[in-house]
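A short worksheet on the structure shown next.
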Amino acid sequence: MAVITQALHQIPAVALIGIFHLMVGIPFGVSYFPMYWRKFPIPGKEALGIRMFLFSTLVGQIVFAYFSGFKNPIGLQMVENIGFTKELATIAISHQGYGLDALSTTMVMFGISSLLVGTVFFLLGYFKMGKIIYFFPTHVLIGLIGGIGILLCKTGLENTLANTVSISSMIEGWNHWIIVVTLEIILRFLEYLLTDSKGNPRFALLSPIFFCMITPCFYFAMFILNIPISVAKDAGYFFPSLSNLDDNANDEGGVSLSVEFGTPWDLWKVIDFSKVSWKAILDSFPTMLALVLFSLIHVPINIPAFSLSTKVDVDMNQELIAHGLSNMLSGAGGGLQNYMAYTQSVLYDKSGGTGRYSGLAVALVTGILFFVGPDIASHIPRCMAGALLLHVGIDLFLEGVVDSWRKFDLLEYAGIWLIVIVMSVSGMEAAMVAGGIAAVSTYAVQNVAYLSPIRGVMPATTLRSSHWNRVRLAETTILSDSVLGRSRILVVQLQGHLFFGNMAFFTDQMKELLCPLPDLEPIVLIMDCTLVLGIDSSAARAIVKLKD
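With the sequence shown counted from 1, adding 7 to any position gets you my numbering.
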């Protein structure tokens, strides 16, 4: 009886996560492919994307339920990587056009990228190198987050307009995006009203409930205005129904499709290794590398935060292994990357969800949505998807460039803006390169400008030994000599990294210290390297030259 009671208590939490998966899966699922890929080679681009989201989420949920140290982890497709999925698809299109061949290559790219992410996660956990993730420069991470926010805002508008963002499309589709902007303003105003004096939200579920209410409110508005649903669908306010997509499929060159599509198995049917462009895959490896690096930044944030929220201590390396397994399994099935989602996991925990069987129940619900989710999506207004993406995008942008103000020095903050601008103009791969340049530049400039290699200089007259004071040995009498004693001994304490960048300053300062001294012998220079973190060959050569 107790088991049945406990199971009944899990139902609300499981149902809530199922609703969240559908609510998040629709806007992100319809965004994996470029908006300009209009004549998609199979029926239902949106349906394929939603099932891609749910498949990756399903695999992650099953693996985390078995291998995570938490009692209530929730797996989710790594939605922050949308920019990379579009870029990979663009590479395939540039090689093979807009036909089924390009789609097959794109899906293989998705699978390989997930395998790479999973392999890196697994190796980091297996060799207990989890802490290496924390050495990723913080300001580069913040810049990438801000850039992702811009891309999500753009994606939200594209989903709302069913078109690429341009001045002409914004003017033509003003009646679509004005709804999304209005919803965002209303939500921001409600968040402002429900914020306490310390800036913390008084009602954590405001945003989820708000987005869940958009669809029923939209239908209610159509009822009040006496607008038939068919008219609204024809006007583009809803995602297309699967039953109306057959005419949209177009295999480039007019070749008829030899395989029947429009089923839940399209995720695997589209893959034909004989049509895959391996040259395109080789060209995509820089983008995949950037995707792997970007994927690594989520785990060291989500796991410690969830551990703190649930007061459960877990082994970071064990969680990395779990993430490795989940991504490798997803990649083996041609799926996208996944991770343990912090927000959904906290919500699941507070709703009473706990235990392996409860986690598997979430996986079961996700599996059911895999089959019926795309049909449900055709009844969801586009404004819900657009509003959710716009809201998340603005949050990430504010986190990147507003919340970071005064938390970084001007050089690091300029690097954040550089990454955001480059990502907005040139995409994810260029942003990762800009991030690397910003990190190296910041490191070099800070070492040269903000840290002198010399911490302090003092003569030995200020460093009398207690041993010498107590025992007057004949060998130490020279130290008391007014000409050749302690006054001729100079102690220099060094610090930080000694490298080519700060050696010019070091040499000039040492000359200023040594040249004014009387030309008497001996001069003893003692260098204290206790605080030195590293030294390169240029610095070592400069130190040796001091005797000249």
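Here a beta-carbon is modelled for each residue, glycine too, at the ideal position from N, C-alpha and C.
Computed from a predicted structure; not experimentally measured.
Distance between residue j and residue i (C-alpha atoms, nearest Å)
i	j	result
D535	L501	6 angstroms
S6	I383	For the chain, the structure presents residues 8 to 555; residue 6 sits outside this window and is missing.
A394	I157	14 angstroms
G366	L130	26 angstroms
E406	V353	20 angstroms
K78	I234	48 angstroms
Q17	L371	13 angstroms
A312	E326	13 angstroms
G541	A547	10 angstroms
V115	V283	8 angstroms
E53	R45	11 angstroms
S358	A20	5 angstroms
F210	M220	16 angstroms
V464	A549	18 angstroms
V321	R363	16 angstroms
E419	T171	33 angstroms
G180	T317	45 angstroms
F415	I423	10 angstroms
For residue i, the nearest candidate out of the options (CA to CA)
i	options	result
V551	F513, T537, E519 and L540	F513
G434	G51, A96 and G56	A96
T294	P388, A451, E436 and I236	E436
N309	V531, T537, H28 and L83	L83
Y450	V499, G118 and N509	N509
G340	L107, V21, W44 and V66	V66
V386	R462, S284 and L29	The sequence given here places His at residue 386; Val does not occur at that position. It is L29.
I49	S544, G463 and G106	G106
V452	M430, K240 and F506	F506
E87	L197, L403 and K554	L403
A109	W285, A446, I192 and H146	W285
G150	Y73, I33, S431 and R495	S431
I304	F60, F134, G118 and H146	H146
V319	A438, L190, T361 and F301	T361
E94	K414, F301 and S291	S291
V447	S176, P144 and S545	P144
S333	G32, M59, Q68 and F27	Q68
L376	W412, V306 and R58	R58
P31	M42, Y43, V124 and M85	A small fix is needed here, since residue 31 is Val in this sequence, not Pro. Ranking M42, Y43, V124 and M85 by Cα distance to V31 puts M85 first.
8 angstroms Cβ cutoff met for residue i and residue j
i	j	result
Q344	S75	no
C160	L417	no
F35	I89	yes
G104	N324	no
T373	T64	yes
I98	A348	no
R389	T167	yes
P271	G51	no
G4	F40	A question about residue 4 goes unanswered here, because the residues of the chain that appear run from 8 up to 555.
G4	V427	Past the edges of the chain, shown from 8 to 555, lies residue 4, and the structure says nothing about it.
G243	H183	yes
G331	T126	yes
V499	I461	yes
D279	S111	yes
A421	V429	no
A287	H504	no
F62	A329	no
F217	L194	yes
V37	F246	yes
L520	L553	no
M439	L289	no
V124	S302	yes
G163	G400	yes
L298	F128	no
Limits of the unbroken beta strand (DSSP E) element including residue i
i	result
P466	I461 to P466
T294	Segment F292 to S302 is the alpha helix (DSSP H) holding T294; no beta strand (DSSP E) there.
V531	V531 to I542
M347	N345 to M347
Where the alpha helix (DSSP H) through residue i begins and ends
i	result
L501	Here L501 belongs to no alpha helix (DSSP H); instead the beta strand (DSSP E) covers I496 to L505.
N334	M323 to A339
H183	W181 to L200
I216	L213 to I231
F313	V306 to T317
D203	Element bounds for D203: n/a, residue is neither H nor E.
I236	I236 to D241
D273	D273 to K276
Please specify which runs of the alpha helix (DSSP H), each continuous and at least 4 residues long, are wholly inside the segment 369-442, giving them in chain order. 389-408 and 417-433
Counting only runs of 3+ residues fully inside the segment 50-121, write out the beta strand (DSSP E) ranges in chain order. 82-84
Hey, which unbroken runs of the alpha helix (DSSP H) at 4 residues or more fall wholly within the segment 145-173? 145-168
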